Structure formats: structure tokens, C-alpha cells
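Here the structure comes first, spelled out in C-alpha cells, and everything after it is commentary.
Residue numbers (the numbering used here), protein chains in the order written: chain A, 11 to 166; chain B, 731 to 930.
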């Protein structure tokens, strides 16, 4: 029988999910933090480009448009090195979303283990609407073909 | 566990509390097959003892040793009162027949915890496939709206859509990125750069 996966996962499944999150997080951190840090712009140096090529965004490669996630790998790379302004320059969503995602993941697992809600649902609805509007606004602004919006596009 | 004398007659109470019977054990077994008698049905013996049907080994051989009143904080299975379907979670409604679970064992005032997949959707939008991620964020916010209304069935359905979209997006992303990565390297070697940029 098909089981509804979103209502109250089994404990073992919740643990597996947590393991997947942690594994993905450590893998991303490992790849990004292991890159050479020579020069002001480590991710852009030719030595880096030759050693390891971060795959390009498929959406950007195919359509030429910028997605809200474009530049997020480089933004994470700068964030790991503590260059917050560079991180914001490449993708303004990564830095503000990290605390939201961390709190959200912890809340999710708290709920799945104790089966109690900490915050009312209305709060969640507003948060999801806020994030949706932020993402849509960023996508819209990035794809306006005008010079004055270059600041929000990731540099090549 | 109740010991049963043979040729004993039984009565059962249906969902509305109406007493049916008397039946013999063999007849009750037929009723179990037709899902009229479920593990949660209350049976009454001739001498007036009331028991849940899952306590009878003759009717439900696999149900032995299960708790009669499941603890809300445990992951034991429960059964829908209407159709006998196994319910693995303490949602508000049975997944098969939609019968509202308002038994004495579930706490009605407690809001069921439905994961609206918002975090997964954000991660998919930022790290993977953008168009599908947006759609799944929309679906997860619809799900939280449905929770606000109190429509938990609708919320679960919408959250399921969001989760399925996320899974599809991740699979599509890995397929696409493989193809694009290879194409990108081949074309870059041939000095062809195929992404078109607005600024140029």
C-alpha cells in the first residue's frame, strides 16, 4: 500500500534523512574547502579551473538565463573562507538562507521525534511565502537585460 | 488473550455502537474476510465480556501481543475503525477511506505534524533544478495554508506533491548536469561557448 511519506515519518526514516542531510553538507563543505586559496579569487584561478571544474548550472547553460541558484557554489566557497561581501555579490540568497535552513532542519527533526509543534502553522505559511517572494524577486531582477542590474548577476 | 470455548456465540458492535449477533466463530471469520469485523471492533461474548477483536487468536493470528491502547508517542500501528486499514501515522484521516480518526486512543486536540517539505524545496531551488523547485515551494506553501485552515488531508496531499516534485527535480538535475558537463567540456575544447548572456 502506498504510504503517505509527509505525515510523521518512521523514526528510522527520519534518522536516514538526517544522515543524508549531514552527508551532503559535509561533501559540499569538503569539496569547497579543499580548493587552493591562492590569490584573491581562489575559485576563479586557472589552477583551480584545471584541477577541478565545478559543473555549470544546467539551466543557465541551456537557456542563458540566470536562475536564483546561479553563483551559489561560489558564494558558499567565499562564505567558507569568511568573505561575506563576496558571498553576497555572487548569490545574495545563500547567506540569509543558511540560518533559516538550519533552524528549519532542527525544527523538522524535533517535530518528527516528539510529534509536537513548536510554532503555529501560520508562522510557517508566512515564512514560506516570504522565501517564495524573495526567490521570485531575485529571478526577476537577475534576468532584466539592463546594465543597472549587473550587480545582482554573478560575475562570469 | 482470551480462551474460547467452542460453540460459543459472539456479538459485535459496529462503528455506530449497534450490537449485531449472535455469531459463531466461523461466521465471524467470514466477517473478518469481508472487513466488517476489524482488529479494532469490540466483540462481546455470551457472558457479557467485552474484548477488542484483535485479542482473539482465531480471528487475527498476527495481531497477538500488540497493545490494546497505542501510546501516542510510540510508533505502533493502529487500525482505521471504518475499514480496518493499517494507519502508520497519527494523522486525522485514514489514508484509504478518509474516515476521520476520532477514537479514544488519538488525542483530537493535537495538531498532526505534517512535513510541508519547505526546506527540501528551498534546497532544490537554490542547489538544483530551478523551475521545479519554485513549483514545489508553491505547493509546500499551499500545504501550510491548508494546515492553517485545518484541512490536514489536503495538506498531506499537497506536501506529497511537493516531495515528489523535489525527487523528480533532483533526479533530473543529476541527469542534466552529467550531459551538460560533458557537452560543456567538449565544446570548450573546440572553443565554442554555448551559453548566451544577456550582457553580451
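Virtual Cβ for every residue (Gly too), placed ideally from N, Cα, C. The structure displayed is predicted, hence computed values, not measured ones.
Candidates the options: which alpha carbon is nearest residue i's?
{"i": "residue 766/B", "options": "742/B, 756/B and 860/B", "result": "742/B"}
{"i": "residue 847/B", "options": "128/A, 124/A, 111/A and 162/A", "result": "111/A"}
{"i": "residue 772/B", "options": "844/B, 891/B, 786/B and 904/B", "result": "786/B"}
{"i": "residue 891/B", "options": "902/B, 879/B, 881/B and 870/B", "result": "870/B"}
{"i": "residue 867/B", "options": "853/B, 920/B and 744/B", "result": "853/B"}
{"i": "residue 160/A", "options": "101/A, 146/A and 68/A", "result": "101/A"}
{"i": "residue 906/B", "options": "141/A, 67/A and 93/A", "result": "67/A"}
{"i": "residue 750/B", "options": "908/B, 775/B and 857/B", "result": "775/B"}
{"i": "residue 843/B", "options": "744/B, 758/B, 757/B and 889/B", "result": "889/B"}
{"i": "residue 27/A", "options": "156/A, 70/A, 122/A and 41/A", "result": "122/A"}
Buried or exposed for residue i, please, with buried defined as at least 16 other CB atoms from any protein chain shown within 10 angstroms of its CB.
{"i": "residue 158/A", "result": "exposed"}
{"i": "residue 165/A", "result": "exposed"}
{"i": "residue 87/A", "result": "buried"}
{"i": "residue 789/B", "result": "buried"}
{"i": "residue 118/A", "result": "buried"}
{"i": "residue 899/B", "result": "buried"}
{"i": "residue 784/B", "result": "buried"}
{"i": "residue 147/A", "result": "exposed"}
{"i": "residue 886/B", "result": "buried"}
{"i": "residue 769/B", "result": "buried"}
Would you say residue i lies against chain B (beta-carbon separation less than 9 Å)?
{"i": "residue 149/A", "result": "yes"}
{"i": "residue 101/A", "result": "yes"}
{"i": "residue 96/A", "result": "no"}
{"i": "residue 77/A", "result": "yes"}
{"i": "residue 69/A", "result": "yes"}
{"i": "residue 164/A", "result": "no"}
{"i": "residue 66/A", "result": "yes"}
{"i": "residue 87/A", "result": "no"}
{"i": "residue 127/A", "result": "yes"}
{"i": "residue 135/A", "result": "yes"}
{"i": "residue 114/A", "result": "yes"}
{"i": "residue 90/A", "result": "no"}
{"i": "residue 105/A", "result": "no"}
{"i": "residue 110/A", "result": "yes"}
With a cut-off of 9 Å, does the C-beta of residue i fall near any C-beta of chain A?
{"i": "residue 768/B", "result": "no"}
{"i": "residue 916/B", "result": "no"}
{"i": "residue 751/B", "result": "no"}
{"i": "residue 741/B", "result": "no"}
{"i": "residue 901/B", "result": "no"}
{"i": "residue 884/B", "result": "no"}
{"i": "residue 898/B", "result": "no"}
{"i": "residue 919/B", "result": "no"}
{"i": "residue 838/B", "result": "Annotation note: pLDDT 45 at residue 838/B (below 50); position unreliable, no value reported."}
{"i": "residue 747/B", "result": "no"}
Among all the DSSP beta bridges, which residues are the ones paired with residue i?
{"i": "residue 772/B", "result": "743/B and 782/B"}
{"i": "residue 749/B", "result": "743/B"}
Can you pull the chain E residues whose beta carbon is under 8 Å from the beta carbon of residue i, in chain order?
{"i": "residue 865/B", "result": "Given the protein chain composition of this structure (A and B), no chain E is represented."}
Meets three-Cβ-pair contact criterion under 8 Å: the region 869–879 of chain B and the region 912–922 of chain B: no
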